Structures are given as structure tokens and as C-alpha cells.
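Input: a single structure, listed below in C-alpha cells.
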Amino acid sequence: MIFLTVNGYILLSGSSTCLWLANKATLTPEQTRIFDTCNATWNKGTEAIFRLLASKLLELFKTKE
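In case it helps, my numbering puts the sequence shown at residues 6 to 70.
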């Protein structure tokens, strides 16, 4: 459930806004800040997902030993 929630949040906040702003010819300073914030959110979210998956894999290997 956590995985799906985090994925949904990342997709909504990061990709849709970044794609919309990326298609603009020129960006205002405010739009540039929004773009940077969305990009940072996307990066942090994907990092969190991979860390979550890594911790779950480590738990699986520890329980099998």
C-alpha cells in the first residue's frame, strides 16, 4: 500500500507538472521554481522507492538465512 501511495504521489506531483512546464516555450521565474521543485520531488520520490525496495529485499534475505 505504501508503495502504491508513494508512486501515485510521485507521478502526480513530478511527471505531470514537469511535462506541462517542459512544453512551454519560455518560463517565468515562478514557473522555473515550480519546475525545479517538481524535479526535486521526483528525484526524492524515486530514491525513496528504491530504498524501500532495497530494505524489503534485505529483510527477505535475512529471514531466509
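Heads up, the beta-carbon is just placed ideally off N, CA and C, and yes, glycines get one too. The structure displayed is predicted, hence computed values, not measured ones.
Rounded straight-line distance, which links the Cα of T51 to that of T33:
As a first step, residue 33 must be located in the sequence shown, where it is residue number 28. As a first step, residue 51 must be located in the sequence shown, where it is residue number 46. Distance between T33 and T51, taken at the CA atoms: about 27 angstroms.
Helix, strand or coil at A30 [DSSP, three-state]
Sequence index remark: in the sequence shown, residue 30 carries index 25 (1-based). Of the three classes helix, strand and coil, the one that applies to A30 here is coil, per DSSP.
8 angstroms contact criterion, which C23 and F40 should meet: CB distance rounded:
Residue 23 sits at position 18 when you count from the first residue of the sequence shown. Residue 40 sits at position 35 when you count from the first residue of the sequence shown. With a beta-carbon spacing of about 6 angstroms, C23 and F40 fall inside the 8 angstroms limit used to define contacts.
If we ignore side chains and look at the alpha-carbon of each, how far apart do L26 and T42 end up?
Numbered from its first residue, the sequence shown carries residue 26 at position 21. Numbered from its first residue, the sequence shown carries residue 42 at position 37. Put simply, the backbone Cα of L26 is about 12 angstroms away from that of T42.
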